[in-house]
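>
Numbering (the numbering used here), first residue to last: 113 to 149.
1. Residue 149 by DSSP, collapsed to three states: which one?
2. Taking the C-alpha atoms as reference points, what is the distance between residue 141 and residue 132?
3. Flag residue 130 as yes if its beta-carbon sits less than 8 angstroms from any beta-carbon of chain B, otherwise no.
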């Protein structure tokens with residue numbers, strides 16, 4: 113496998129992980145806001 117392919121997969125993986133983290137953070141903050149309200 114070429115290094116460019118590995119780099120592309122790594123970038124896609126990082127973006128996916130980042131998106132999942134953002135969604136989790138948004139859900140957690142929304143739940144916290146509901147509990148506080």
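For every residue, glycine included, the Cβ atom is placed at its ideal position computed from N, Cα and C.
In this structure, then:
1. Note: residue 149 maps to coil in three-state DSSP.
2. Rounded to the nearest whole angstrom, the CA to CA distance from residue 141 to residue 132 is 14 angstroms.
3. Protein chains in the displayed structure number just one, and chain B is not present.
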